[in-house]
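Count along the sequence shown starting at 1, add 487, and that's the number in this note's numbering. Beta carbons: idealized from backbone N, C-alpha and C, even for Gly. Since the structure is predicted, the reported quantities are computational estimates derived from the model, not experimental observations. Data first, discussion second: the structure below is written as structure tokens.
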Amino acid sequence: MARRVLVVGSGGREHALLWSLSRSQEPLDLFVAPGNGGTGALARNMAVRAEDIDGIVALAREEAIDLVVVGPEAPLALGLVDRLQEAGIAAFGPTAAAARVESSKAFSKALMRDQGIPSASFGTFTEYASARDYLEAHPAPIVLKADGLAAGKGVLVCQTDAEAQDALRAIMVDRQFGEAGSRVVIEEYLTGQEVSVLAFADGRHVVPMVLAQDHKPAYDGDRGPNTGGMGCFAPAPLLDAALLQRVTTEVLQRALDGLEAMGCPYVGVLYAGLMVRDGDYKVLEFNCRFGDPETQVILPLLETDLLTIIDACLAGSLDSVAFKWSSRSAVCVVMASGGYPGSYERGLEIQGLERIPADKDLIVFHAGTRREGARVLTDGGRVLGLTALGDDLAAAMSRAYAATAAVRWPGAFYRRDIGTRNLAKGDR
Ligand code: AMP
Ligand code: GLY
């Protein structure tokens, strides 16, 4: 009987995970909770929210799920993997204790400091007065981070001292991010280019994936507010082989060793966000999961069976997997709702999806969409991820952008410069 695999989440990342799993050598019965307007073509959409831990565990039991693959950070931080393990169900992703690399900035910074992982200098504070004193001693530009998960919004990059003082008050006094603001990390402002290094981890061994570069600001030329990511390309040329080797041993392996020594071995995807400058780097953050949109360009370049890798991570035998990556390039252009990352309308009909040519080098990943009969409606900020492959980046870009031109709904927007950083040899 085919193994029954449940993917948890509803974004472009989860659509990409299902797409990759659906190409496995092994026939699989795929489920997704809750999924979106595109995932139904590959899996059964089950109406349980990703953060509903009891609901997901019950669903996995009822559907006799053999393996759960968790996409987003929130259920990981809430202990979904712990709960599934207790229920005897295999789950790919870190336990809540290991997920603290993302769910607590203070934990993450302490891990980096204790393991000698290069990162920005910092202080951690639970008292407003001492945090304010630290700001007085460390002039802007400076970065403030609310300790807990704040849906990607708890990081405030402050260019002036006044901005920093206001941000500190907003986090610690006004509790703009709720409980996440009971502790704050204040850290040195870093400049350079950001690159995402995602790696598979089995608790002891770690294998980096092809490098991806996200485009976080909403508008062309890196202007406008920060988003979850407006597009991505891979491979990103920012780290040469020597620097990637350093990152693997100095960042990924040290993090794994530290977590194992603390009694919370890390199994899943470990994502290190790096700032690279002048041939050197520092870690900005860890995430406890696949990135989005990074996954939408990384998995289409993975030629090894994703299921084989996940099985090896769970068995602690990642070192025995032969990894194969395509030598081609991938670009993902995110189409977003007008107003994102601020407020936006939902329920607008998406037109033109059928006009996108059938092409094996073009994949339409759905994110914030839902189906209503034959219609596909917008249902989130990031709506679609149009991913294209090409023999080089320019070919992938033109294929992805040709597809965006076919699709429309009122207010839709996307960046027109995804991938151009690489064409400019990484210089800004
Ligand atoms: P984080 O969630 O920690 O990655 O922060 C979100 C974004 O804020 C990062 O992708 C960077 O663009 C920016 N950021 C975070 N930390 C720093 C820092 N120390 N210096 C400059 N920018 C930062
Ligand atoms: N694209 C950034 C993230 O997944 O955190």
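### Task
For the segment 662 to 669 and the segment 680 to 697, state whether three or more C-beta atom pairs, one from each stretch, are separated by less than 8 Å.
no
### Task
Report yes if the C-beta of Glu781 is less than 7 Å from at least one heavy atom of the ligand GLY; otherwise report no.
Looking up residue 781 in the sequence shown gives position 294. Under cutoff, so the answer is yes.
### Query
Just the Cα atoms here: how many angstroms apart are Glu501 and Gln700?
Position 14 of the sequence shown holds residue 501. Position 213 of the sequence shown holds residue 700. Each residue's Cα considered, the two are about 19 Å apart.
### Task
Answer yes or no: do Ala802 and Leu757 have a C-beta to C-beta separation smaller than 8 Å?
To locate residue 802, count along the sequence shown from 1; it is residue 315. To locate residue 757, count along the sequence shown from 1; it is residue 270. Contact flag unset, no.
### Task
Can you say whether Pro844 is buried or exposed, counting buried as having 16 or more other CB atoms within 10 angstroms of its CB?
Working through the sequence shown from its first residue, we reach residue 844 at position 357. So Pro844 counts as exposed.
### Query
At a cut-off of 7 Å, is Val630 close to the ligand AMP when judged by its beta-carbon and the heavy atoms of the ligand?
One-based indexing of the sequence shown puts residue 630 at position 143. Under cutoff, so the answer is yes.
### Task
Name the residue from Gly668, Ser807, Ala627, Leu794 whose alpha carbon lies nearest to the alpha carbon of Ala577.
Locating residue 577 in the sequence shown gives position 90, counting from the first residue. Comparing Cα positions, the closest option is Leu794.
### Message
My parser needs the alpha helix (DSSP H) runs of 4 or more residues fully inside the segment 492 to 533; what are they?
### Response
499 to 509
### Assigned secondary structure, Met762 (DSSP; H/G/I helix, E/B strand, else coil)
The residue labelled residue 762 in the question sits at position 275 within the sequence shown. DSSP places Met762 in strand when its eight states are reduced to three.
### Cβ-based neighbour list, Val763, same chain, cut-off 7 Å, excluding 5 preceding and 5 following
Here the question's residue 763 lines up with position 276 in the sequence shown. The residues are Gly679, Gln680, Val682, Leu725, Leu726.
### Query
Using the beta-carbon count (16 or more within 10 Å), is Ala624 buried or exposed?
Along the sequence shown, one-based indexing puts residue 624 at 137. By the neighbour-count rule (16 or more Cβ atoms within 10 Å), Ala624 is not buried but exposed.
### Query
Would you say Val818 and Gly906 are within 8 Å of each other, going by their C-beta atoms?
Here residue 818 corresponds to residue number 331 of the sequence shown, with the count starting at 1. Here residue 906 corresponds to residue number 419 of the sequence shown, with the count starting at 1. Against a cut-off of 8 Å, the Cβ pair of Gly906 and Val818 comes out as a contact.
### Task
Measure the alpha-carbon distance for Ala574 versus Arg857 and round it to whole angstroms.
Taking the sequence shown and counting its residues from 1, one reaches residue 574 at position 87. Taking the sequence shown and counting its residues from 1, one reaches residue 857 at position 370. If I take the Cα positions, the gap works out to 31 Å.
### Message
Given this structure, state the Cα-to-Cα distance separating Leu731 from Leu743, to the nearest angstrom.
### Response
Sequence index remark: in the sequence shown, residue 731 carries index 244 (1-based). Sequence index remark: in the sequence shown, residue 743 carries index 256 (1-based). Rounded to whole angstroms, Leu731 and Leu743 show a C-alpha spacing of 16 Å.
### Message
Please classify Ala892 as buried or exposed, where buried requires at least 16 other C-beta atoms within 10 Å of its C-beta.
### Response
Counting from 1 along the sequence shown, the entry for residue 892 is found at position 405. Exposed is the call here.
### Message
If contacts are defined as beta-carbon pairs under 8 Å, then Val784 and Ala882 qualify, I think. What distance do you get, rounded to the angstrom?
### Response
Along the sequence shown, read from residue 1 onward, the residue named residue 784 stands at position 297. Along the sequence shown, read from residue 1 onward, the residue named residue 882 stands at position 395. At roughly 14 Å, the Cβ-Cβ gap does not stay under 8 Å, so Val784 and Ala882 are not in contact.
### Query
Any idea if Ala667 is buried or exposed, counting beta-carbon neighbours within 10 angstroms, 16 or more meaning buried?
As a first step, residue 667 is located in the sequence shown; it is residue number 180 there, counting from the start. So Ala667 counts as buried.
#### Entry: Val642 CB to nearest heavy atom of the ligand AMP below 7 Å
In the sequence shown, the residue the question calls residue 642 occupies position 155. Under cutoff, so the answer is yes.
### Task
Excluding the 5 residues preceding and the 5 following Thr791 in the sequence, name in chain order all residues of the same chain whose CB lies nearer than 6 Å to its CB.
Indexing the sequence shown from 1 puts residue 791 at position 304. Closer than 6 Å at Cβ, skipping near neighbours: Phe810, Lys811.
### Message
Once DSSP output is grouped into helix, strand and coil, what is the label at Arg815?
### Response
Residue numbering aside, residue 815 sits at position 328 when the sequence shown is read from its first letter. It is coil, neither helix nor strand.
### Task
Tell me whether Gly498 counts as near the ligand GLY, meaning its Cβ is closer than 7 Å to at least one heavy atom of that ligand.
Stepping through the sequence shown from its first residue, residue 498 is reached at position 11. Checking the Cβ of Gly498 against the ligand GLY gives no.
### Query
From Phe777, Pro628, Met488, Ala607, pick the residue whose C-alpha is nearest to that of Val754; which is it?
For the purposes of this step, residue 754 is taken as the residue at position 267 of the sequence shown. The shortest C-alpha separation from Val754 is found at Phe777.
### Query
Just to confirm, are Arg710 and Leu655 a CB contact at a threshold of 8 Å?
The residue given as residue 710 occupies position 223 in the sequence shown. The residue given as residue 655 occupies position 168 in the sequence shown. Result no, Cβ atoms of Arg710 and Leu655 do not sit closer than 8 Å.
### Task
Assign Asp846 to one of three DSSP states: helix, strand, or coil.
As a working mapping, residue 846 is identified with position 359 in the sequence shown. Three-state DSSP puts Asp846 in coil, outside helix and strand.
### Message
Assuming the contact rule is C-beta atoms closer than 8 Å, Ser824 and Thr865 should be a hit. Round their C-beta distance to whole Å, please.
### Response
Counting from one through the sequence shown, the residue named residue 824 turns up at place 337. Counting from one through the sequence shown, the residue named residue 865 turns up at place 378. Right, their Cβ atoms sit about 6 Å apart.
### Message
Less than 8 Å between the beta carbons of Gly775 and Glu589, yes or no?
### Response
Indexing the sequence shown from 1 puts residue 775 at position 288. Indexing the sequence shown from 1 puts residue 589 at position 102. In the sequence on display, residue 775 carries Cys and not Gly. Contact: yes.
### Task
With DSSP as the reference, please indicate the residues paired to Pro704 in a beta bridge.
Counted from its first residue, the sequence shown places residue 704 at position 217. Looking at the DSSP output, Pro704 shares a beta bridge with Asn713.
### Query
Roughly how many angstroms lie between the CA atoms of Pro448 and Thr582, to the nearest whole one?
Since the first residue of the chain shown is 488 and the last is 915, residue 448 is not available in this structure.
### Query
So is Thr647 buried or exposed if we call it buried at 16+ other beta carbons inside 10 Å?
Taking the first residue of the sequence shown as 1, we reach residue 647 at position 160. Per the 10 Å Cβ criterion, exposed.
### Query
From Ser606 to Val671, what does the alpha carbon distance come to, in whole angstroms?
Along the sequence shown, one-based indexing puts residue 606 at 119. Along the sequence shown, one-based indexing puts residue 671 at 184. Going by the C-alpha atoms only, they are around 17 Å apart.
#### Entry: Val646 in three-state terms, based on DSSP
Working through the sequence shown from its first residue, we reach residue 646 at position 159. The displayed chain sequence assigns Gln, not Val, to residue 646. Gln646: coil per DSSP, three-state reduction.
### Query
Shortest alpha-carbon distance to Met884 belongs to which of Val568, Tyr706, Arg815?
Mapped onto the sequence shown, residue 884 falls at position 397. Met884 has its Cα closest to that of Arg815, out of Val568, Tyr706, Arg815.
### Task
Tell me whether Pro787 is buried or exposed, calling it buried when 16 or more other Cβ atoms sit within 10 Å of its Cβ.
Here residue 787 is taken as the residue at index 300 of the sequence shown, counted from 1. Classification of Pro787: buried, given that the 10 Å Cβ count is 16 or more.
### Query
Can the beta-carbon of Tyr621 be found less than 8 Å from the beta-carbon of Ile673?
Numbered from its first residue, the sequence shown carries residue 621 at position 134. Numbered from its first residue, the sequence shown carries residue 673 at position 186. Closer than 8 Å, so yes.
#### Entry: Element boundaries [alpha helix (DSSP H), containing Ala578]
Here residue 578 refers to the residue found at position 91 of the sequence shown. First-last for Ala578: 577 to 579, but that is the beta strand (DSSP E), not the alpha helix (DSSP H).
### Query
Quick one: does the C-beta of Ala593 sit closer than 7 Å to a heavy atom of the ligand AMP?
Here the question's residue 593 lines up with position 106 in the sequence shown. Checking every heavy atom of the ligand AMP against the Cβ of Ala593, none is found closer than 7 Å.
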